[in-house]
Structures are given as structure tokens and as C-alpha cells.
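**Student:** Which chain is which? The protein sequence lines are A and B, in order.
Read in the numbering used here, the first sequence has 98 at position 98, and its numbers run on one by one without any break.
Read in the numbering used here, the second sequence has 389 at position 172, and its numbers run on one by one without any break.
For reference, the structure I am asking about is given below.
2 protein chains.
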Amino acid sequence: MTTSQAILTVDAVLLTLVEAELHVALIRREAEPFAGHWGLPGGYIHEQEDDSAKAAIARVLQAKAGVESPYLEEYGTFSGPVRDPRGWSLTVVYFALAPVVSGQVQMFPVHALPNLPFDHTQIIAKVLERVRSKASYSSLPVHLCPPEFTIPELHAVYEVVMGEKLNIANFRRKLEDLQVLEEIPGCLRSGGRSRPSQVYRVSKKYRNALSVRERGL
Amino acid sequence: MTTSQAILTVDAVLLTLVEAELHVALIRREAEPFAGHWGLPGGYIHEQEDDSAKAAIARVLQAKAGVESPYLEEYGTFSGPVRDPRGWSLTVVYFALAPVVSGQVQMFPVHALPNLPFDHTQIIAKVLERVRSKASYSSLPVHLCPPEFTIPELHAVYEVVMGEKLNIANFRRKLEDLQVLEEIPGCLRSGGRSRPSQVYRVSKKYRNALSVRERGL
DNA sequence: TCAATAGTGTCTATAAGACACTATGCC
DNA sequence: GGCATAGTGTCTTATAGACACTATTGA
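So this is what it looks like as C-alpha cells:
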């Protein structure tokens, strides 16, 4: 019995917010094919180190983008005989959200991406669609915020991700339903010359999980 | 450059309704490991024939279960060093819904499955969770019905899949919202000694897609 | 005290669910 | 005609969204 010769990889669409715009992390490819081109961070599974495909992409993201434990979720697979010039290939695509990144990656605004090899352009488009959809009924966007943030800040993040205005009064009420945030007592933040805002953090339960509403935010 | 040596497979959880109970298709494994045991239908990708992982599992389902074009959707991947005794492996899991099956598979009620090799027991549990959840806000269960069916029949299917009673008056209204069904004019079906019911079919647009509601059925 | 934003209260419109009612075929 | 199930109408209740209002700080 011979095992399949298909090329098996993992890739991630790592998203952060830079100056109130959604950005995707890209990296200069070191290896062929397409060495020197921008591409999604990803790579092969290391059978000795990785306990799962998810562990493999987490390792890559930590090494290349310095993100320690981002929100990380499987999107799905992309496969076929022509997407990689070397032959039949399958990649397991993840999406990751983090407040900041560092390291070798460079951030690009989602509306101004360079030309990308393989089917990476299509992958990013599909993932963004999913992320926007999921943002609309879950706590997903909190993972783009730093550890401590205010409701108005989070409200702005949701508006950026979803690309639409949200009534902040109703947003507050629905956020409360989600039960993802905990108040940091006595901690207020004054943005400018107006009334300071209460500071919150994500409650432990939801650091690596989502809270989902039946009916959107 | 060497490619990954991980074992790459595709597997399917094929669901049908038998006597008003959800059943899963299992097949006697021909090859090692676990030859002779019941397992999910699945196998390797055939690089010469298969244009994608989804095409690979469609080929397997047609060959082994006689299903021509079932509703077929990717669930996700299962991977790791220990799930297969031969070494590091990854399987792309699909779920499929069909009104009937034939061929080498045997149907088992979801609450009375035999012991299964690999992580197939866990895979089935996860997929069922997803299917039940998705049934609650989409037209997914129509793919368990034969090509022509009545609203009361479909209503019963939803109740079986979701495991709860649904008010049929409200169910009708919401079904209409989904716009998945088209009336077959003049075609009525008399179940017993009572008023016959209008017969419907799935409109072309939704034969291989789902219609989704924001707020459940 | 005023400007500015944080945060609350409340009204209205819409959708969900319960349930009573009418319709129609078979015996 | 009466029984059984198909199918409709409508009332009640919950939720979403709009928007006016109050609260609290810094300048």
C-alpha cells in the first residue's frame, strides 16, 4: 500500500486592524514555487512536532508573525490538480484574528492586496466573507482588540469588520446578552475631553472561543 | 524538497432516514488497518480522476452507496499522529444527505452504532451536532426527502432530525419564506382516509444548495 | 458651564409562537 | 354526515431598531 502523493499544507489568513482598516498578513515566500512573491503564511506539517493541522498552523503563526495564541479557526480545504504547479495539492485553511503582529509578515489592507500565487486571492476572499458573516452574530471581532478596551472602541471595530453602521445603544444591549465581557472595576479610559468610558476585558471562558447569538448584533 | 508523508484521506458521514430514524451509512473495510470492521465510507484521492477532495468523496459515495448527487458539504478536517496506527494522518470529512442508498453500505441508526475504528465515532458525533444545528435554520433536511413530498411529510422529517416538536402552522409560514419548494400543480397525495395534501418538489435553484433563514424554523 | 461622548429608557414595528378556526377528502 | 388531517387567520408575546434622554468628565 502506497500513501497518497498529494501535497498537503496548512495556510492561514491572519487578520488585524491597522488604523481602523482590516489588514491581512502576507509573507515573502522563501521556497519555490513562487519564491520571492507575497503569499499567505503557511507550510508543511511537521510530523514530529505537530499534534494536529491546527497545531501546525499555530506553530507557523508564532514563528513568522509572533502571535502567541490568536483566535484560530479552521475555514476549510482547497484542493485540486492545478492550484499548485507541482501537482495535486490540498491545503487546510485557517483564519486567525490578533490585535497586533510582529516578525517577518507584512500587513496589507484587504482592499489593496498584491497579486498572489496559487489560489490565495480566492482563499482570502472566501475567508473574509465568512469572517464578516460570523462577526454579525458572534463575539468574533473582540479578538481584534487589545486585552483591555472600551465598548465604544469595540463598537468601532465591529463597524469596520462588518462595513456598516451599528446603533450603539442596541449594540450595548446585545453585547451584554453575549456575556463575553467583564468590567475591570474602577478602570476608566478618557479618550479625549469627554466623559471617560468603562474598560472591559474578555472573560476567561471566551478567550479562545466565541459566544454566538441566535439573531445578529 | 520532499513532500509531506502524512496519510491524506476523505471520509463521509452519509445520512438517510429509515423508518423515521436518522441512519448513518457504514461499510465493511476491505483494507488494513481494521480490515473487516465497520467504518465510514472514504478513501484516498485518485489524482488522475479527482478534481478536488469533494470530487473524490463524491466518487466514493457513488461507487459504494449508489448515491448519484447527494447534498454534500465539507465538515472539516481531523488530523494527528495517533488517529491512524500507520502514522500521522489527516482526513477531510464531508457530510451527505440522501433519500435512499444502495450498494455495499449498511445503514445504522445513529443511536445504535457499532464500535468504530480511528476517530470515526467522534467524527459522527460532531457531524450530527452540525447537521442538527444547521437543520434548525435552513432547508438542509429537504435532502432527506424523495424528489416529491408533502409539507406534513417534510414537517415530520424536520422533527426527526431536530429531535423536537415543531408547530406545523408556523413551520409552513417559515418554509414559504425559504422559497425552496415549488408546488406540483394538481398533484395531491392522500395519506389515509383524510384530506389529501399538496405535493411539492425542491425548486431547481436549491437542488444542490441550501436556503438559510436568519432566525430558525 | 459648555462641549463631547458615555450610557439609559422607552416607544414602535416586526417577527415568533400559540392556538382556534375553516377546508376537503375518505369512509 | 362525521372523522381525520390539510391548511389559514389571528392574538399574544418577545425582540429588534430608532431615538430621545440623562450622566459624567475635561477644557
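For glycine and all other residues, C-beta sits at the position ideal for the given N, C-alpha and C.
From a predicted model like this one, the values you see are computed outputs, not experimental measurements.
1. Compute the distance between the beta-carbons of Glu-400 (chain B) and Val-419 (chain B), then report whether it is under 9 Å.
2. Quick check on Asp-267 (chain B): buried or exposed, where buried means 16 or more other Cβ atoms within 10 Å of its Cβ?
3. Once you ignore the five residues that flank Thr-294 (chain B) on each side, which residues in its own chain have a CB closer than 6 Å to its CB?
4. According to DSSP, which residues form a beta bridge with Gly-76 (chain A)?
5. Scan the region 165-213 of chain A and note each continuous beta strand (DSSP E) run of 3 residues or more that stays entirely inside, going in chain order.
6. I'd like the list of long-range same chain contacts for Val-18 (chain A), defined as Cβ closer than 8 Å, with 5 residues on each side in sequence excluded.
7. Tell me whether Pro-109 (chain A) sits in a helix, a strand or coil according to DSSP, three-state version.
8. Does DSSP classify Glu-153 (chain A) as helix, strand or coil?
9. Would you verify that the beta carbon of Met-1 (chain A) is, or is not, closer than 9 Å to some beta carbon of chain B?
10. By the criterion of Cβ-Cβ separation under 7 Å, what are the contact partners of Thr-77 (chain A) in chain B?
11. For Leu-188 (chain A), which residues in chain B fall below 9 Å Cβ to Cβ?
12. Comparing alpha-carbon positions, which option in B:Pro-369, B:Pro-258, B:Asp-394, B:Ser-407 lies nearest Arg-430 (chain B)?
13. On the DSSP bridge assignment, give the partners of Asp-228 (chain B) in chain order.
14. The alpha helix (DSSP H) spanning Ala-20 (chain A) covers which residue range?
15. Return the first residue and the last residue of the alpha helix (DSSP H) that Val-344 (chain B) is part of.
16. Based on the DSSP secondary-structure assignment, which residues constitute the bridge partners of Arg-245 (chain B)?
17. Is the number of C-beta pairs between the region 329-337 of chain B and the region 251-264 of chain B that are closer than 8 Å three or more?
18. Please list, in chain order, the chain B residues whose beta carbon lies closer than 7 Å to that of Pro-81 (chain A).
19. I'd like to check one pair, Ala-352 (chain B) with Leu-225 (chain B): are the Cβ atoms closer than 9 Å?
20. Examine the Cβ distances between the region 59-66 of chain A and the region 310-318 of chain B and report whether three or more of them are shorter than 8 Å.
21. Would Leu-225 (chain B) count as contacting chain A if we go by Cβ distances under 9 Å?
22. If you measure from the beta carbon of Glu-400 (chain B) to each beta carbon in chain A, is any gap under 9 Å?
23. Could you list the residues in the region 368-379 of chain B with a C-beta less than 7 Å from some C-beta on chain A, going in chain order?
24. Looking only at its chain, what residues have a beta carbon closer than 6 Å to the beta carbon of Glu-291 (chain B), apart from the 5 residues adjacent to it on each side?
25. Going along the chain, which residues of its own chain have a beta-carbon closer than 6 Å to the beta-carbon of Phe-171 (chain A), five neighbours each way excluded?
26. Suppose you measure from the CA of Ser-197 (chain A) to the CA of Val-105 (chain A); what does that come to, to the nearest Å?
27. Just checking my contact of Tyr-71 (chain A) with His-143 (chain A) at CB under 8 Å: how many whole Å lie between their CB atoms?
28. Going by CA-CA distance only, name the one from A:Pro-146, A:Pro-185, A:Val-131, A:Ile-151 that's closest to Arg-207 (chain A).
29. Below 8 Å on C-beta distance, what does Glu-431 (chain B) contact in chain A?
**Tutor:** Let me spell this out:
1. For the purposes of this step, residue 400 (chain B) is taken as residue 183 along the second sequence, with counting starting at 1. For the purposes of this step, residue 419 (chain B) is taken as residue 202 along the second sequence, with counting starting at 1. No.
2. Numbered from 1 along the second sequence, position 50 holds the residue referred to as residue 267 (chain B). Asp-267 (chain B) should be labelled buried.
3. Along the second sequence, one-based indexing puts residue 294 (chain B) at 77. So the list reads Leu-307, Val-309, once near-sequence residues are dropped.
4. Sequence index remark: in the first sequence, residue 76 (chain A) carries index 76 (1-based). When beta bridges are read from the DSSP output, Gly-76 (chain A) appears opposite A:Val-93.
5. 181-189, 197-202
6. Along the first sequence, one-based indexing puts residue 18 (chain A) at 18. Excluding sequence positions up to five before and after Val-18 (chain A), its CB lies within less than 8 Å of the CB of Met-107, Pro-109, all in the same chain and listed in chain order.
7. The residue given as residue 109 (chain A) occupies position 109 in the first sequence. Reduced to three states, the DSSP call for Pro-109 (chain A) is strand.
8. If you number the first sequence from 1, residue 153 (chain A) lands on position 153. Looking at Glu-153 (chain A) - three-state DSSP - the assignment turns out to be helix.
9. By one-based count along the first sequence, residue 1 (chain A) stands at place 1. Confidence in Met-1 (chain A) is poor, its pLDDT being 47 and thus under 50, which makes the residue's placement unreliable; the coordinate value appears in the next sentence. Yes - at least one Cβ of chain B is within 9 Å of the one on Met-1 (chain A).
10. Stepping through the first sequence from its first residue, residue 77 (chain A) is reached at position 77. Simply Ala-270, Glu-291, Thr-294, Val-309.
11. Numbered from its first residue, the first sequence carries residue 188 (chain A) at position 188. What Leu-188 (chain A) touches in chain B: nothing, since even the nearest Cβ is about 36 Å away.
12. The count along the second sequence starts at 1 and reaches residue 430 (chain B) at position 213. That would be B:Asp-394, whose Cα lies nearest to the Cα of Arg-430 (chain B).
13. Reading the second sequence from its first residue, position 11 is the one you call residue 228 (chain B). In DSSP, Asp-228 (chain B) forms a bridge with B:Gly-259, B:Val-310.
14. Numbered from its first residue, the first sequence carries residue 20 (chain A) at position 20. From DSSP, Ala-20 (chain A) is part of no alpha helix (DSSP H); its letter is neither H nor E.
15. Counting from 1 along the second sequence, the entry for residue 344 (chain B) is found at position 127. First-last of the alpha helix (DSSP H) with Val-344 (chain B): 337-352.
16. Stepping through the second sequence from its first residue, residue 245 (chain B) is reached at position 28. Arg-245 (chain B) pairs with B:Trp-255.
17. Verdict: yes, contact present.
18. Stepping through the first sequence from its first residue, residue 81 (chain A) is reached at position 81. Glu-264, Asp-268, listed in chain order.
19. To locate residue 225 (chain B), count along the second sequence from 1; it is residue 8. To locate residue 352 (chain B), count along the second sequence from 1; it is residue 135. Not in contact: Leu-225 (chain B) and Ala-352 (chain B) (Cβ atoms no closer than 9 Å).
20. no
21. Residue 225 (chain B) sits at position 8 when you count from the first residue of the second sequence. Leu-225 (chain B) counts as touching chain A.
22. Within the second sequence, residue 400 (chain B) is the residue found at index 183, counting from 1. No - not a single Cβ of chain A is within 9 Å of the one on Glu-400 (chain B).
23. The residues in question: there are none.
24. For the purposes of this step, residue 291 (chain B) is taken as the residue at position 74 of the second sequence. The answer, listed in chain order, is Tyr-311.
25. Sequence index remark: in the first sequence, residue 171 (chain A) carries index 171 (1-based). Answer for Phe-171 (chain A): His-155, listed in chain order.
26. As a first step, residue 197 (chain A) is located in the first sequence; it is residue number 197 there, counting from the start. As a first step, residue 105 (chain A) is located in the first sequence; it is residue number 105 there, counting from the start. One C-alpha to the other measures close to 34 Å.
27. The sequence position of residue 71 (chain A) within the first sequence is 71, counting from 1. The sequence position of residue 143 (chain A) within the first sequence is 143, counting from 1. A Cβ-Cβ distance of about 4 Å is found for the pair Tyr-71 (chain A) and His-143 (chain A), placing them in contact under the 8 Å criterion.
28. The residue labelled residue 207 (chain A) in the question sits at position 207 within the first sequence. For Arg-207 (chain A), the nearest C-alpha among the options comes from A:Pro-146.
29. Residue mapping note: residue 431 (chain B) aligns to position 214 of the second sequence, counting from 1. Neighbours of Glu-431 (chain B) on chain A, chain order: Arg-215, Gly-216.
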